[in-house]
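Single-structure report; data block below.
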Amino acid sequence: MVALTARRGVSLPNVRDLALTALTPLTWGSTYAVTTEFLPPGRPLFTAAMRALPAGLVLLAATRVLPRGAWLWRAAVLGLLNIGAFFPLLFLAAYRLPGGIAAVLGAVGPLFALGFAALLLAERPAARRLLAAFTGLAGVGLVVLRADARLDVVGVLAGLAGAASMSAGTVLTKRWGRPEGVGALTLTAWQLTAGGLLLVPVTLLIEGPPPALDGRAVGGYVYLGAVGTATAYWLWFRGISRLPATSVSFLALLSPLSAAVIGWAALGQALTPLQLLGMALAFGGTLAGQTSARPRPQTVTTPITTARSS
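Taking full-length UniProt numbering, the leading residue of the sequence shown gets 1, the next gets one more, and so forth.
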């Protein structure tokens, strides 16, 4: 008998699932450019409703499964956090802040997620992940507090509140899972429809009747609904079901990089060296958030057979 040393602990996330889930925040990074360049100005609630409800109804018609029992109120709560509250806050920040700056506010999301995971999932935040979250938050501070672009308090607060809402929704989605036999596409349909229905009366009350839309705006809404919402959220909720909630939350920090590249390449936006440093810190925090503490080695006793010559 020979004692062999083996390392056991938290398994690394599936690379394929991680990569597919990361496509969602990369896609979300284009939301800010589309909002400012294609959509009617000053209509964050209408834009949020147009992004959510049509996509949700199309997916609901395709899946043809309605929530029942406890999932009637659970779908409403998740729809509020992930869609009904998050979308208006996202677009409010997008309208009032440059794309790269608005997106990088999501760097505070992992810190919110760690807190919600401790409260709702009884997950004790590892020191490494706490450090990663604070690193991301420090990056946000560098970008927002020292930026020379147009900034306002309402836009910054909206971005932070949106990050908190999305983090809470991500953790609750992990806690509740899905009903037996229900896939990620159906869960996406429920949340988009619930969030969109919640947004419609609020939009009419605050912003009034819908604005006139030209072909450019229609194209922008079609892109946001089909690519940035239906497809992106399906991949997001699929990832939540397969990966730790906090790992998924850290991936949201990829959105600032996508938005910054689009803003620089397509909109001529400039970032100062200090802002670039802040984005690098935030992205580094995201990468660190995908790791966990190294497990202790365990001794496993394995028998070894010895061949004897006859």
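The beta-carbon is built from N, C-alpha and C at its ideal position, and this holds for glycine as well. Given the structure is predicted, the values throughout are model-derived calculations rather than measurements.
Inset, instruction - Tell me whether the beta-carbon of Phe91 lies closer than 8 Å to the beta-carbon of Thr47. - result: Yes, they are a contact pair.
Legend entry - Proximal residues to Ala22 (C-beta, below 7 Å), its chain only, five neighbours per side dropped: Cβ neighbours of Ala22 beyond the five flanking positions: Leu251, Leu254.
Legend entry - Range covered by the alpha helix (DSSP H) that runs through Ile206: Unbroken alpha helix (DSSP H) run through Ile206: 184-207.
Inset, instruction - Classify Arg16 as buried or exposed, calling it buried when 16 or more other Cβ atoms lie within 10 Å of its own Cβ. - result: Flag for Arg16 reads exposed.
Legend entry - contact_flag[the stretch 78-87, the stretch 162-175] where n(CB pairs < 8 Å) is 3 or more: At 8 Å Cβ cutoff, the stretches touch.
Inset, instruction - Please name the residue in Trp190, Thr193, Arg175 whose C-alpha comes closest to that of Leu119. - result: Checking every option, the nearest Cα to that of Leu119 belongs to Arg175.
Legend entry - Ala3 - DSSP class collapsed to helix/strand/coil: Unreliable positioning characterises Ala3 in this predicted model, as indicated by a pLDDT of 37, which lies under 50. The coordinate reading is nonetheless provided below. DSSP, reduced to helix, strand and coil, places Ala3 within a strand of the structure shown.
Legend entry - Terminal residues of the alpha helix (DSSP H) in which Ser30 lies: No alpha helix (DSSP H) contains Ser30, which DSSP labels as neither H nor E.
Inset, instruction - Identify, in the order they occur along the chain, each residue of the same chain with its Cβ nearer than 7 Å to the Cβ of Gly284, setting aside the five sequence neighbours on each side. - result: These residues qualify, in order along the chain: Thr135.
Inset, instruction - Excluding the 5 residues preceding and the 5 following Leu97 in the sequence, name in chain order all residues of the same chain whose CB lies nearer than 6 Å to its CB. - result: Only residues of its own chain outside the window of five on either side were considered, and among them Gly155 have a CB closer than 6 Å to the CB of Leu97, listed in chain order.
Inset, instruction - Would you kindly work out how many angstroms separate the C-alpha atoms of Gly109 and Ala61, rounded to a whole number? - result: Cα to Cα, Gly109 sits roughly 32 Å from Ala61.
Legend entry - Minimum length 4: unbroken alpha helix (DSSP H) runs contained in the stretch 21-90: If we require 4 residues or more, the alpha helix (DSSP H) runs fully inside the stretch 21-90 come out as 31-38, 44-63, 71-79.
Legend entry - the stretch 228-243 touching the stretch 49-59, judged by at least three CB pairs closer than 8 Å: Output reads yes: the stretch 49-59 touches the stretch 228-243.
Legend entry - Cβ neighbours of Val202 in the same chain (closer than 7 Å, five flanking residues each side left out): Apart from sequence neighbours up to five positions away, the residues of its chain that approach Val202 with a beta-carbon distance below 7 Å are Leu45, ordered along the chain.
Legend entry - DSSP-derived helix/strand/coil call for Thr135: Residue state, collapsed to three classes: helix.
Legend entry - Sequence-distant residues of the same chain with beta carbon closer than 6 Å to Thr31, five excluded per side: Counting only Cβ-Cβ distances below 6 Å, and skipping sequence neighbours, we find Gly228.
Inset, instruction - State yes or no: is the C-beta of Arg129 within less than 8 Å of the C-beta of Leu114? - result: Taking a C-beta distance under 8 Å as the contact criterion, Arg129 and Leu114 qualify as a contact pair.
Inset, instruction - Give a yes or no on whether the C-beta atoms belonging to Ala75 and Pro67 are separated by under 8 Å. - result: Contact: yes.
Inset, instruction - Consult DSSP for Gln275 and reduce its assignment to one of helix, strand or coil. - result: Reduced to three states, the DSSP call for Gln275 is helix.
Legend entry - Counted within 10 angstroms of its Cβ, other Cβ atoms place Ala245 as buried (16 or more) or exposed: By the beta-carbon neighbour count (other beta carbons within 10 angstroms, threshold 16), Ala245 is buried.
Inset, instruction - Note down, in chain order, each residue of its chain lying with its Cβ closer than 7 Å to the Cβ of Leu57, except the 5 sequence neighbours on either side. - result: Excluding sequence neighbours, Leu57 sits near Thr193.
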